[in-house]
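Working notes, beginning with the structure itself.
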């Protein structure tokens with residue numbers, strides 16, 4: 005049986021969608037909103053600026069994830085650190101002078117989205 009390919013980035017949106025039957029677009033939207041709220045809560049920027057940054061972060065990581073598709077096992081192991089690096093760089097592009105704050109915000113956003121995706125995974129697995 006061939007190993008399915010999943011994007012390595014965006015903290016496993018595609019594997020969660022595939023495993024649970026959830027459509028990936030609403031899962032992307034939930035991650036986008038969650039990360040925007042986390043950025044705002046850690047005072048990275050205003051709510052509007054945080055939403056724009058979250059959309060940019062998740063768009064870049066999703067495109068890169070599609071280009072660098074890996075097996076499910078590789079995606080699970082590599083998605084968090086790769087996503088963190090890419091999203092940290094994207095946040096720094098928005099506010100170059102506050103590098104430490106950008107990396108801390110990227111870490112907080114990625115932890116939140118990982119926990120959210122794990123919750124969706126377990127809920128979806130129990131429903132389907």
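In our numbering, the protein residues as written are 5 to 132. No residue lacks a Cβ here, since even glycine has one placed at the ideal position from N, Cα and C.
In whole angstroms, what separates the C-alpha of residue i from that of residue j?
i	j	result
residue 105	residue 39	15 angstroms
residue 116	residue 126	16 angstroms
residue 46	residue 64	22 angstroms
residue 83	residue 29	18 angstroms
residue 113	residue 33	14 angstroms
Give a yes or no on whether the C-beta atoms belonging to residue i and residue j are separated by under 7 angstroms.
i	j	result
residue 62	residue 36	yes
residue 48	residue 123	no
residue 128	residue 107	no
Please state the DSSP three-state secondary structure of residue i.
i	result
residue 50	coil
residue 114	helix
residue 101	coil
residue 92	helix
residue 36	helix
residue 128	helix
residue 27	coil
Can you tell which of the options has its C-alpha closest to the C-alpha of residue i?
i	options	result
residue 68	84, 90, 51	90
residue 66	51, 41, 52, 86	86
* Asked: Hey, is the stretch 43–61 in contact with the stretch 91–111, meaning 3+ C-beta pairs nearer than 8 angstroms?
  -> yes
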